[in-house]
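FYI, the UniProt record's numbering numbers position 296 of the sequence shown as 296, with every residue one higher than the one before it.
Glycine is no exception: its CB is placed at the ideal position from the N, C-alpha and C atoms.
Computed from a predicted model, the values in this text were never measured in an experiment.
All remarks here apply to the structure that follows.
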Amino acid sequence: MRETGATPEGNTHAGVAQMEAVFAALRAGSAQDRTPLYATRMDRLRRLLALTVQHQDRILAAISADFGHRSTHEMQLAEIFTTMSAIRHNMRHLRKWMKPRRVATPLHMLPASSRLLRQPLGVVGIIAPWNYPFHLAIGPAAAALAAGNTVLIKPSELTPRLSQLMKELVGQTFAAHEMAVVTGGAEVGAAFSELPFDHLFFTGSTQVGRIVAQAAARNLTPVTLELGGKSPAIVSADCDLDVAAPRMVFGKLFNAGQTCVAPDYALVPRQRVTEFVQAMQRAACAMYPTVADNPDYTAIVSQRHAERLERLLENARQMGATVAPLTALEKETSAHRKLPPALVLNVNDGMSIMREEIFGPLLPVVPYDTLDEALDYVNKGDRPLALYWFGKSGAERERVLNETIAGGVTINDAVWHVAQENLPFGGVGASGMGSYHGEHGFRTFSKEKPVFLQTRWNAFGIFRPPYGRLFDRAIG
Ligand code: NAD
Numbered sequence: 001m002r003e004t005g006a007t008p009e010g011n012t013h014a015g016v017a018q019m020e021a022v023f024a025a026l027r028a029g030s031a032q033d034r035t036p037l038y039a040t041r042m043d044r045l046r047r048l049l050a051l052t053v054q055h056q057d058r059i060l061a062a063i064s065a066d067f068g069h070r071s072t073h074e075m076q077l078a079e080i081f082t083t084m085s086a087i088r089h090n091m092r093h094l095r096k097w098m099k100p101r102r103v104a105t106p107l108h109m110l111p112a113s114s115r116l117l118r119q120p121l122g123v124v125g126i127i128a129p130w131n132y133p134f135h136l137a138i139g140p141a142a143a144a145l146a147a148g149n150t151v152l153i154k155p156s157e158l159t160p161r162l163s164q165l166m167k168e169l170v171g172q173t174f175a176a177h178e179m180a181v182v183t184g185g186a187e188v189g190a191a192f193s194e195l196p197f198d199h200l201f202f203t204g205s206t207q208v209g210r211i212v213a214q215a216a217a218r219n220l221t222p223v224t225l226e227l228g229g230k231s232p233a234i235v236s237a238d239c240d241l242d243v244a245a246p247r248m249v250f251g252k253l254f255n256a257g258q259t260c261v262a263p264d265y266a267l268v269p270r271q272r273v274t275e276f277v278q279a280m281q282r283a284a285c286a287m288y289p290t291v292a293d294n295p296d297y298t299a300i301v302s303q304r305h306a307e308r309l310e311r312l313l314e315n316a317r318q319m320g321a322t323v324a325p326l327t328a329l330e331k332e333t334s335a336h337r338k339l340p341p342a343l344v345l346n347v348n349d350g351m352s353i354m355r356e357e358i359f360g361p362l363l364p365v366v367p368y369d370t371l372d373e374a375l376d377y378v379n380k381g382d383r384p385l386a387l388y389w390f391g392k393s394g395a396e397r398e399r400v401l402n403e404t405i406a407g408g409v410t411i412n413d414a415v416w417h418v419a420q421e422n423l424p425f426g427g428v429g430a431s432g433m434g435s436y437h438g439e440h441g442f443r444t445f446s447k448e449k450p451v452f453l454q455t456r457w458n459a460f461g462i463f464r465p466p467y468g469r470l471f472d473r474a475i476g
């Protein structure tokens, strides 16, 4: 299948007209049942779980074919297990999350009472990227369904087989007024963002996130933007590299670095750079003894993305960087786009590898002399989606946490904060706005409606004209 901006049904205009009809059915669905019962929501979540469990082999085969090759173990973990866990988490807590919250009422307003009602927003739009194409579409959809919304998903055109399969499976599992999938590229995405959704949830690049936010603003549609950026991994002077290196290699080379929260560059104490390089090489060789034909090593998603990474490396080399391969050099035999992982040394800020999000198995190493210098380096860039710190000193860890701003943090490991459903996941500044996962997702897709319940007998009469002495006493 080729990469295309049009829908598989034919031309983009036909696709857009069809999309509007699909949207209208979902709008009618949410108008017909504005606040679905617990049982209705549970039934939808059960069907979503069954779709994931029963069709996992087809889902994994489609994703792997779209990538050229993708590690089955990685997909089982990051597409199926994480999605099932997210759906089950919603199911486990749904009853509690749906309950109205009682809120304290100040003394002078008693005996009235106050509560917060969590209501569905209506129709939620979800635009998903290609890097975890199933999980990043179905995970947010589970939260939106749990919150009682109807849902329209637009997956990425770079994973056409998976997108088509999701459309088929969602079509078989859900009624047209509950949830649907529309397929297509940037043009369909642009038309999608202009639909009058009650909430638009976008996962993708910062560049496209800006366009989506502008389109949504015209309808005053609130957005959650789950974007990317350059996530630093800070290695402390007291870090045990034998422990840290395998963890950092895991976070970097999972999905061949095509992970929004992968460490994008490592800040390493200058006197420990050689030791760091050696520890990373040992760890990478142990995890990936070969690369080209290793079933655990994932391919780069498209020729265009592989060439972009080659260009980043070439530009860095031309500007004086050196490349330290992370795994044994081997003759390329794979038919797929397997890019050998490498550290990039002697980098500077003029290089495109230090300006763009890398999104591949290349890790620049930035030496530092003092912690202040490392923190300044992080803080002079855009606010990152993730930040990692590897070390022992509690005082230093607290300084790093207090003096940097990032979407989320894992201490002494990489990536794992994302898998903790009880922690909100989302960026800040250029790495995004809003968050989801667990109850945070439920709240993102709900209107928390404040309700003030007045009683028949109360003292509010003193606040009405003609104002008297009791008024002066009450507010004095
Ligand atoms: P992308 O921004 O190119 O595309 C994302 C989605 O937007 C796709 O479905 C695409 O078809 C659609 N799109 C493209 N142009 C559009 C337009 N003009 N209007 C509306 N929609 C449009 O991103 P990508 O290449 O698929 O994914 C990689 C990026 O996503 C990286 O920057 C990565 O960091 C980020 N990402 C973030 C998270 C997160 O949770 N924060 C997760 C995964 C990926």
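**Study point:** Local Cβ density within 10 Å of residue 468, reported as buried at 16 or more and exposed below that
**Key:** Exposed, because fewer than 16 other Cβ atoms sit within 10 Å of the Cβ of residue 468.
Review point. CB of residue 416 to nearest heavy atom of ligand 1: below 7 angstroms?
Key: Not so, every heavy atom of ligand 1 lies at least 7 angstroms from the Cβ.
Exercise for review: Give the secondary structure of residue 317 by DSSP, where H, G and I count as helix, E and B as strand, and everything else as coil.
Suggested key: Judged by DSSP in its simplified three-state form, residue 317 adopts helix.
Practice item. Give the DSSP-derived three-state secondary structure of residue 177 in the structure shown. Key: Three-state DSSP puts residue 177 in coil, outside helix and strand.
Check your understanding: Cβ of residue 227 versus every heavy atom of ligand 1: is any distance shorter than 7 angstroms?
Key -> Indeed, a heavy atom of ligand 1 lies less than 7 angstroms from the Cβ.
**Study point:** Bounding residues of the alpha helix (DSSP H) (the contiguous stretch that carries residue 491)
**Key:** Beyond the ends of the chain as shown, which are 1 and 476, falls residue 491; an answer cannot be given.
Practice item. Could you check if residue 16 is buried or exposed, using at least 16 other CB atoms within 10 Å of its CB as the buried criterion? Key: Residue 16 is classed as buried because its beta carbon has at least 16 other beta carbons within 10 Å across all chains shown.
**Study point:** Neighbourhood of residue 171 by C-beta, 8 angstroms cutoff - its chain only, sequence neighbours within 5 removed
**Key:** Exclusion of the five residues before and after residue 171 leaves 180 and 181 as the residues of its chain whose Cβ lies within less than 8 angstroms of its Cβ.
Review point. Does DSSP put residue 184 in a helix, in a strand, or in coil?
Key: In the displayed model, residue 184 falls within coil according to three-state DSSP, outside both helix and strand.
Review point. Apart from the five residues on each side of it in sequence, which residues of its chain come closer than 7 angstroms, Cβ to Cβ, to residue 345?
Key: Once the five neighbours on either side are set aside, the close Cβ partners of residue 345 are 321, 322, 324 and 365.
Check your understanding: Around the Cβ of residue 461, are there at least 16 other Cβ atoms within 10 angstroms (buried) or fewer (exposed)?
Key -> Of the other Cβ atoms in all chains shown, fewer than 16 fall within 10 Å of the Cβ of residue 461; this residue is therefore exposed.
Review point. Nearest to residue 427 by alpha carbon, out of 466, 386 and 412?
Key: Measuring from the Cα of residue 427, the nearest candidate turns out to be 386.
Exercise for review: Kindly provide the ranges of any alpha helix (DSSP H) runs that are 4 or more residues long and lie completely inside the segment 70 to 151, ordered along the chain.
Suggested key: List check, alpha helix (DSSP H) in window: 72 to 75, 82 to 98 and 135 to 146.
Point to revise | Spatial distance of residue 43 from residue 96 (CA atoms) | key: Approximately 17 angstroms, taken between the alpha carbons.
Check your understanding: Under 8 angstroms between the Cβ atoms of residue 37 and residue 125?
Key -> The Cβ-Cβ distance between residue 37 and residue 125 does not fall below 8 angstroms.
Practice item. Could you check what DSSP says for residue 408 in three-state terms: helix, strand or coil? Key: Residue 408: strand per DSSP, three-state reduction.
Practice item. Please indicate yes or no: does the CB of residue 232 lie closer than 7 angstroms to some heavy atom of ligand 1? Key: Answer for residue 232: no, Cβ out of range of ligand 1.
Check your understanding: residue 433 by DSSP, collapsed to three states: which one?
Key -> Of the three classes helix, strand and coil, the one that applies to residue 433 here is strand, per DSSP.
Review point. Nearest-angstrom Cα distance between residue 150 and residue 316?
Key: The straight-line gap from Cα to Cα measures roughly 47 angstroms.
Check your understanding: With burial defined as no fewer than 16 other Cβ atoms inside 10 Å of the residue's Cβ, what is the status of residue 390: buried or exposed?
Key -> Buried.
Check your understanding: Any chance the segment 294 to 302 sits against the segment 261 to 271, with 3 or more Cβ pairs inside 8 angstroms?
Key -> Taking a cut-off of 8 angstroms on C-beta distances, the segment 294 to 302 does not touch the segment 261 to 271, as fewer than three cross pairs fall below it.
Check your understanding: Is the beta carbon of residue 205 within less than 7 angstroms of some heavy atom of ligand 1?
Key -> For ligand 1, a non-hydrogen atom lies closer than 7 angstroms to the CB of residue 205.
Practice item. Note down the Cα distance separating residue 337 from residue 360, rounded to an integer number of angstroms. Key: It is roughly 12 angstroms from the alpha-carbon of residue 337 to the alpha-carbon of residue 360.
Review point. By the 10 Å Cβ neighbour count, where 16 or more other Cβ atoms means buried, how is residue 87 classified, buried or exposed?
Key: Counting C-beta atoms within 10 angstroms of its own C-beta, residue 87 has 16 or more neighbours from the protein chains shown and is therefore classed as buried.
Check your understanding: Taking residue 422 as the reference, which of 438, 409, 288 and 137 has the closest Cα?
Key -> Residue 438 is the option with its Cα nearest to residue 422.
Review point. How far does the beta strand (DSSP E) with residue 225 in it reach, from first residue to last?
Key: Segment 223 to 226, the beta strand (DSSP E) holding residue 225.
Exercise for review: Pick helix, strand or coil for residue 243, following the three-state DSSP scheme.
Suggested key: Three-state result, residue 243: helix.
Point to revise | Residues of its chain near residue 66, where Cβ-Cβ distance is below 6 angstroms and the 5 sequence neighbours each way are ignored | key: For residue 66, where only same-chain residues beyond five positions count, the Cβ hits under 6 angstroms are 159, 161 and 162.
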